[in-house]
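A.B. asks: Submitted below is the structure of interest, expressed as structure tokens.
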Amino acid sequence: MEANDIVLFDFDAFISGSKDVDYQEAIKKMSLSLMKFLIENDLLVNINPFNQDGSVKNDLIIKKSNLTDEGFQLFVKPVNNWWNALDRGTPPEKVTILENGLKKIRAVKK
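Take the sequence shown: its letter number 35 is residue 1489 in my numbering, and every next letter is one higher.
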């Protein structure tokens, strides 16, 4: 692993943060929404985050090298903003913050 190939998402670390069933279910929903967003917007590189049944892989780790440049930029701020919104009660399926963040990232590239 390169020195700057930082881990940005570690499903097992999130899920093992609490034994509370509701917490774990919330992490699964958040992870599923985030991975679908990354896939739908072609932001992942050389990684499939899903099991055959469509659930997020338990050993999923996403590093900087697993993301396009736009995907990495999304993790810099918009993903954290989205996580904060989830903490305030926004449903994980509502990815408006991610969509708007990606639009801004892509607008700067033009």
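Each residue gets a CB set at the ideal place from its N, CA and C atoms; glycine is no exception.
#1: To the nearest angstrom, how far is the alpha carbon of L1521 from that of M1484?
#2: Excluding the 5 residues preceding and the 5 following F1468 in the sequence, name in chain order all residues of the same chain whose CB lies nearer than 6 Å to its CB.
#3: With F1529 and L1462 assumed to form a contact (beta carbons below 8 Å), what rounded beta-carbon distance in angstroms separates them?
#4: For Q1527, is the classification buried or exposed, using 16 other Cβ atoms within 10 angstroms of its Cβ as the cut-off for buried?
#5: Taking N1495 and F1465 to be in contact with their CB atoms under 8 Å, please state how far apart those CB atoms are, rounded to whole angstroms.
#6: Considering only C-alpha positions, which residue in the set P1546, R1542, D1476 and K1473 is nearest to M1489?
#7: Tell me the rounded alpha-carbon separation between T1544 and K1531.
#8: Have a look at S1487, L1486, G1525 and Y1477 and flag the residue whose alpha-carbon is nearest the alpha-carbon of N1500.
C.D. replies: Based on what the coordinates show:
#1: The count along the sequence shown starts at 1 and reaches residue 1521 at position 67. The count along the sequence shown starts at 1 and reaches residue 1484 at position 30. Spanning the two alpha carbons is a distance of roughly 18 Å.
#2: Walking along the sequence shown from the start, residue 1468 turns up at place 14. The residues are I1481.
#3: Position 75 of the sequence shown, counted from the start, is the residue given in the question as residue 1529. Position 8 of the sequence shown, counted from the start, is the residue given in the question as residue 1462. Contact flag correct, Cβ pair sits at about 5 Å.
#4: Walking along the sequence shown from the start, residue 1527 turns up at place 73. It is buried - the Cβ of Q1527 has at least 16 other Cβ atoms within 10 Å.
#5: If you number the sequence shown from 1, residue 1495 lands on position 41. If you number the sequence shown from 1, residue 1465 lands on position 11. Between F1465 and N1495 the Cβ distance is about 19 Å, and since that is not below 8 Å, they are no contact.
#6: For this step, residue 1489 is matched to residue 35 along the sequence shown. Nearest of P1546, R1542, D1476 and K1473 to M1489, Cα basis: P1546.
#7: Position 90 of the sequence shown, counting from 1, holds the residue named residue 1544. Position 77 of the sequence shown, counting from 1, holds the residue named residue 1531. Each residue's Cα considered, the two are about 17 Å apart.
#8: Stepping through the sequence shown from its first residue, residue 1500 is reached at position 46. Among S1487, L1486, G1525 and Y1477, the Cα nearest to that of N1500 is on G1525.
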